[in-house]
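Have a look at the structure below before the remarks.
Numbering (my numbering), first residue to last: 1061 to 1162.
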């Protein structure tokens, strides 16, 4: 397996924050080039959001658990509570599921 690291960068931000990471997984490698990750982000107005993104072949995203929401495509934004935890699931072209990185 490979080591996978997903980062979140704000527009204009100099460095990214680690959103998710995993080791010894096929995600994002040559055999399974698919990945899904999310992060909690606080807006300047003080509102918290779950921001999730998947690789190009992700056609839909769903968050369950402490945050609920879904979207078509490979991007999801859902209002959330500070410290909330979400389970992320996606669907690839062709219907195969993809799980969020740990």
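Virtual Cβ for every residue (Gly too), placed ideally from N, Cα, C.
- Item | Euclidean distance between Cα positions of residue 1070 and residue 1154 | On the chain shown, position 10 is the one that residue 1070 refers to. On the chain shown, position 94 is the one that residue 1154 refers to. Roughly 32 Å separates the two Cα atoms.
- Report the option in 1077, 1073, 1136, 1101 whose CA atom is closest to the CA atom of residue 1119. Taking the first residue of the chain shown as 1, we reach residue 1119 at position 59. Checked all of 1077, 1073, 1136, 1101; the closest Cα to residue 1119 is 1136.
- Task: Could you give the DSSP three-state label for residue 1144: helix, strand or coil?
- Result: As a position in the chain shown, residue 1144 is number 84, starting the count at 1. The answer is coil: DSSP assigns residue 1144 none of H, G, I, E or B.
- Query: Can the beta-carbon of residue 1108 be found closer than 8 Å to that of residue 1141?
  - Reply: Here residue 1108 refers to the residue found at position 48 when the chain shown is read from its first residue. Here residue 1141 refers to the residue found at position 81 when the chain shown is read from its first residue. Result yes, Cβ atoms of residue 1108 and residue 1141 sit closer than 8 Å.
- Item | DSSP beta-bridge partners of residue 1139 | The residue you call residue 1139 lines up with position 79 of the chain shown. In DSSP, residue 1139 forms a bridge with 1109.
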